[in-house]
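All the letters of the sequence shown, read from the start, carry residue numbers 1 to 880 under full-length UniProt numbering. Notes follow the structure.
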Amino acid sequence: MDQFKGQPRLPKFAVPKRYDIYIKPDLCLCKFSGSVAIDIDILSDTRFLVLSAADLLVHDASVSFANQKSSKVIQPSSIQACEVSQILVLEFAETLPFGLGTLRMDFEGILNDNMKGFYRSTYEHNGEKKNMAVTQFEPVDARRCFPCWDEPAFKATFKITLDVPSELVALSNMPIVEEKVNGDLKTVSYQESPIMSTYLVAIVVGLFDYVEDHTTDGVKVRVYCQVGKANQGKFALDVAVKTLDLYKEYFAVPYSLPKLDMIAIPDFAAGAMENYGLVTYRETALLYDDQHSAAANKQRVATVVAHELAHQWFGNLVTMEWWTHLWLNEGFATWVSYLATDSLFPEWKVWNQFLEESNHGLTLDALAESHPIEVEINHASEVDEIFDAISYRKGASIIRMLQSYLGPECFQKSLASYIKRHRCSNTKTEDLWAALEEGSGEPVNKLMSSWTKQQGYPVVTVKVKDEKLVFEQSRFLSSGSSGEGQWIVPITLCCGSYDVRKNFLLQTETESVDIKQSLGCSLSKCCGGNDKYCDWIKLNVDQTGFYRVKYDEDLAAKLRNAIEKNHLTTTDRFGILDDAFALSMACQQSVTSLLTLMGAYREELDYTVLSNLISISYKLERIAADAVPELLDNLRQFFTNIFQFAAEKLGWDPKPGESHLDAMLRGEILTALALFGHEQTIQEGNRRCLAFLDDRSTPLLPPDIRKAAYVAVMQTVNASNRSGYESLLRIYRESDLSQEKTRILSSLASCPDPNIILEVLNFLLSSEVRSQDAIFGLGVNWKARETAWTWLKAKWEEISKIFDSGFLIGRFVSATVSPFASYEKAKEVEEFFASRVKPSMARTLKQSIERVHINLRWVQSVQKERDLPNAINELAWRRY
Ligand code: BES
Ligand code: ZN
Numbered sequence: 001m002d003q004f005k006g007q008p009r010l011p012k013f014a015v016p017k018r019y020d021i022y023i024k025p026d027l028c029l030c031k032f033s034g035s036v037a038i039d040i041d042i043l044s045d046t047r048f049l050v051l052s053a054a055d056l057l058v059h060d061a062s063v064s065f066a067n068q069k070s071s072k073v074i075q076p077s078s079i080q081a082c083e084v085s086q087i088l089v090l091e092f093a094e095t096l097p098f099g100l101g102t103l104r105m106d107f108e109g110i111l112n113d114n115m116k117g118f119y120r121s122t123y124e125h126n127g128e129k130k131n132m133a134v135t136q137f138e139p140v141d142a143r144r145c146f147p148c149w150d151e152p153a154f155k156a157t158f159k160i161t162l163d164v165p166s167e168l169v170a171l172s173n174m175p176i177v178e179e180k181v182n183g184d185l186k187t188v189s190y191q192e193s194p195i196m197s198t199y200l201v202a203i204v205v206g207l208f209d210y211v212e213d214h215t216t217d218g219v220k221v222r223v224y225c226q227v228g229k230a231n232q233g234k235f236a237l238d239v240a241v242k243t244l245d246l247y248k249e250y251f252a253v254p255y256s257l258p259k260l261d262m263i264a265i266p267d268f269a270a271g272a273m274e275n276y277g278l279v280t281y282r283e284t285a286l287l288y289d290d291q292h293s294a295a296a297n298k299q300r301v302a303t304v305v306a307h308e309l310a311h312q313w314f315g316n317l318v319t320m321e322w323w324t325h326l327w328l329n330e331g332f333a334t335w336v337s338y339l340a341t342d343s344l345f346p347e348w349k350v351w352n353q354f355l356e357e358s359n360h361g362l363t364l365d366a367l368a369e370s371h372p373i374e375v376e377i378n379h380a381s382e383v384d385e386i387f388d389a390i391s392y393r394k395g396a397s398i399i400r401m402l403q404s405y406l407g408p409e410c411f412q413k414s415l416a417s418y419i420k421r422h423r424c425s426n427t428k429t430e431d432l433w434a435a436l437e438e439g440s441g442e443p444v445n446k447l448m449s450s451w452t453k454q455q456g457y458p459v460v461t462v463k464v465k466d467e468k469l470v471f472e473q474s475r476f477l478s479s480g481s482s483g484e485g486q487w488i489v490p491i492t493l494c495c496g497s498y499d500v501r502k503n504f505l506l507q508t509e510t511e512s513v514d515i516k517q518s519l520g521c522s523l524s525k526c527c528g529g530n531d532k533y534c535d536w537i538k539l540n541v542d543q544t545g546f547y548r549v550k551y552d553e554d555l556a557a558k559l560r561n562a563i564e565k566n567h568l569t570t571t572d573r574f575g576i577l578d579d580a581f582a583l584s585m586a587c588q589q590s591v592t593s594l595l596t597l598m599g600a601y602r603e604e605l606d607y608t609v610l611s612n613l614i615s616i617s618y619k620l621e622r623i624a625a626d627a628v629p630e631l632l633d634n635l636r637q638f639f640t641n642i643f644q645f646a647a648e649k650l651g652w653d654p655k656p657g658e659s660h661l662d663a664m665l666r667g668e669i670l671t672a673l674a675l676f677g678h679e680q681t682i683q684e685g686n687r688r689c690l691a692f693l694d695d696r697s698t699p700l701l702p703p704d705i706r707k708a709a710y711v712a713v714m715q716t717v718n719a720s721n722r723s724g725y726e727s728l729l730r731i732y733r734e735s736d737l738s739q740e741k742t743r744i745l746s747s748l749a750s751c752p753d754p755n756i757i758l759e760v761l762n763f764l765l766s767s768e769v770r771s772q773d774a775i776f777g778l779g780v781n782w783k784a785r786e787t788a789w790t791w792l793k794a795k796w797e798e799i800s801k802i803f804d805s806g807f808l809i810g811r812f813v814s815a816t817v818s819p820f821a822s823y824e825k826a827k828e829v830e831e832f833f834a835s836r837v838k839p840s841m842a843r844t845l846k847q848s849i850e851r852v853h854i855n856l857r858w859v860q861s862v863q864k865e866r867d868l869p870n871a872i873n874e875l876a877w878r879r880y
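So, in structure tokens, the structure goes:
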């Protein structure tokens, strides 16, 4: 068996064609037993069958072969499981015959508490705590439920039968064909599925209510939730029905199963999972409560539903061949979810908000410890970590870049033919490029390989030289180092107006464009003649490209001016600010000039732009605290000034008929003001929170401003004034809405008092917080970063046990380590983890340590900015 250990992929001695699975979960004892009959095709001379299994006890295996004349059953001479390689090796005394056979096995396992494989989730019903059984197989945990060929390319059909307590709801991918009640138990059998990958198989057993609707072509859609909460499923149901219809049009292929169930699971590691025909969700990502959910919660539900339903085509019908191509699934679903949400809710302007996705991708990919979109996978445990901003956000962003280069019609047609051509099979990245290349006649493969096969992305520097624009590309790194790499960059630019445009591909390191000749406008005032004078030049128009732009000083000043005069679109205002911030972090631009630019946004009212301005302010505050603590008060004053304009327009109370975006903005602005110590905001937040404590239906605290009020309360809490903290804990304990609970957890973490933070952190690991939710309390106030790190070290054993090998553990590391800015701390972190690192967090750890070095370098550079004190002083006290 040794020859099979430690291999990234299973050998192809045999491939599965059909699984007939029987499972009987025991919800009281938290275990299960079952049997499986797998129709296999033996493809080579072998005495071994090697398949995946983990934490299963497998027994009574046999392979049977039958033809018209005879039948034969062979028992293995040994069954060995290797827990490290997660494989099961059946060894036979004789070589197995070629062709079709059936492999039968019995097995037993436990319903674990790790939110993966076949696991237990808990809920309350009539005051009684109950267990439900749930599966989460992606990426590599179907093997914890039944022995199987657990790789996406081994597609087969699945026929599932369950034995469950007769009063419970039992769901799987397909509709029920038969239900036989036998006393306390019932046997439920489901229709055989179409061919699909193991990671998409699903089972849920528990007590649920549901709401139901149909698509225009009769697909039955249901949303299942806790008993008594069916109303909260209506919004998601409506989105799902409309989205299925929309995707049918867009992909030009109908949804391929007879039903779609979506279900809220109280304990869930990810946000949602696209199991074929049975999509599972965290409660926060599926349920919408009219009374207590915020606009942001509503948008989250819509985008998550749209994302998971996109996978029913992109992922489930056409599946990546191996995890290296995970981004095909995730990048694509992320991009398409915006398309669907935009079509359903145009007033949400989600394509503007998409820039936040790109921004996360750009930020992660600016690290030397990033990885290419197409990443090599050598062990199952490495897969967890690539569900990251590179696969999702960079993936989605380069798709957007390509779509905008090829044009939406051509893009859609080519996609539809890709889906048709590869339905029910597996693909690699090249297959998508081939379809798009055929559809467009453009060299898509060559263009896109530069983005998917090498990590990082370029910063395009643009300078004016003799009426020419000179472009230069080089890899952008937040560390300021120069990296390797060259990309084919679709450059777009506008000159003085959105009607004067130029597009070209920057294929070499540098190129220059004669702007006068190609656009008919002039760059310098003194050129005379009848030329149109161009006041500004903006590259990466609408921010559809995945790159940064660095303008020379003169061009940057003109853009600042254009922002002040409100000549630029939302997306361009966002982009200019975002690039300036990134360049500043990389010490390629001073913080002084960044702050001056931020001053140009003082009348900004757009949600996406302001929301980015806010998050930039938080980061600058942290760097300033290390670099120039004596300037912090003035800096906060400046930030408060910028946000005041929008805050005064929005007020605390919702305006009748106001937009979704204003509702979201109000919460973010007030939260920021509270965090920057704005006295009035803190007082008002406390006042409203008190009113809410007295009366939970007070109009003074609608959901959109609750977080701001909670944060305001936590700013006043310290060891000798704990009442606000206790009050928030009371709301936490009384609420049975998951969105309310996470709102509170993230507010608790904002307390500036390290002693309280220590209590909050311990609370996160208590039985009162589901382990899925602990991550929400980790973004602690930077003043308590030392406390958080000491706590992490002390609790590491416990944390790594609870979060085991999943992807949540990486969040503990990045949240606690990344806020530091010293060489000593980076070293201390390295030493601490030297013996504790796990494959599921190895890359995240390296990235977090790299961030510490980047922060340090930035701090040192800020300390050298001589004109910073004056600039901040001037900005803080300027009268607007
Ligand atoms: N396929 C993923 C679920 C998943 C994530 C499985 C990580 C295993 C590991 C699902 O489609 C997904 O992407 N969910 C997102 C939500 C989405 C709206 C970005 C999630 O869980 O955050
Ligand atoms: Zn996804």
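Cβ coordinates follow ideal geometry from the N, Cα and C atoms, glycine included. This structure is a prediction, so every number in the text was calculated from the model and none was measured.
Candidates the options: which alpha carbon is nearest residue i's?
| i | options | result |
| --- | --- | --- |
| PRO754 | ILE775, GLU786, VAL769 and GLY724 | GLU786 |
| SER611 | LEU309, GLU357 and ALA871 | GLU357 |
| GLU621 | ASP2, CYS494, GLY677 and LEU415 | GLY677 |
| ILE872 | SER848, GLY599, SER727 and GLU658 | GLY599 |
| ARG843 | ALA264, ARG696, ASN297 and ILE809 | ILE809 |
| LYS446 | THR341, LEU559, PRO194 and TRP487 | TRP487 |
| ASN114 | GLU179, ARG144, ASN126 and THR161 | ARG144 |
| GLY277 | ALA236, LEU200 and LYS248 | LEU200 |
| THR592 | LEU701, SER71, PRO869 and ASP804 | PRO869 |
| VAL760 | ASP26, LEU729 and GLN680 | LEU729 |
| ALA646 | PRO629, LYS619, LEU613 and ALA627 | LEU613 |
| ALA170 | THR303, TYR210 and LEU690 | TYR210 |
Does the ligand BES have a heavy atom nearer than 7 Å to the CB of residue i?
| i | result |
| --- | --- |
| PHE387 | yes |
| TYR288 | no |
| PRO839 | no |
| TYR392 | yes |
| VAL134 | no |
| PHE807 | yes |
For residue i, count neighbouring Cβ atoms within 10 angstroms of its own Cβ and tell me buried if that reaches 16, exposed if not.
| i | result |
| --- | --- |
| HIS59 | exposed |
| GLY529 | Residue placement at GLY529 cannot be trusted, given a pLDDT of 48 that sits under 50; what the coordinates show is reported in the next sentence. Classification of GLY529: exposed, given that the 10 Å Cβ count is below 16. |
| TYR247 | buried |
| GLN7 | exposed |
| CYS28 | exposed |
| SER771 | buried |
| GLY228 | exposed |
| ALA719 | exposed |
When every heavy atom of the ligand ZN is checked, does at least one fall within less than 7 Å of the C-beta of residue i?
| i | result |
| --- | --- |
| GLU274 | yes |
| HIS325 | no |
| GLU357 | no |
| HIS311 | yes |
| ASN329 | yes |
| HIS307 | yes |
| ALA333 | yes |
Pull up the DSSP beta-bridge partners for residue i, would you.
| i | result |
| --- | --- |
| GLN473 | VAL460 |
| ASN131 | THR122 |
| MET1 | Answer by DSSP bridge pairing: none, since MET1 is not bridged. |
Is residue i helix, strand or coil when you go by DSSP?
| i | result |
| --- | --- |
| LEU185 | strand |
| GLY233 | helix |
| ASN297 | helix |
| SER70 | coil |
| LEU355 | helix |
| TYR288 | coil |
| ALA156 | strand |
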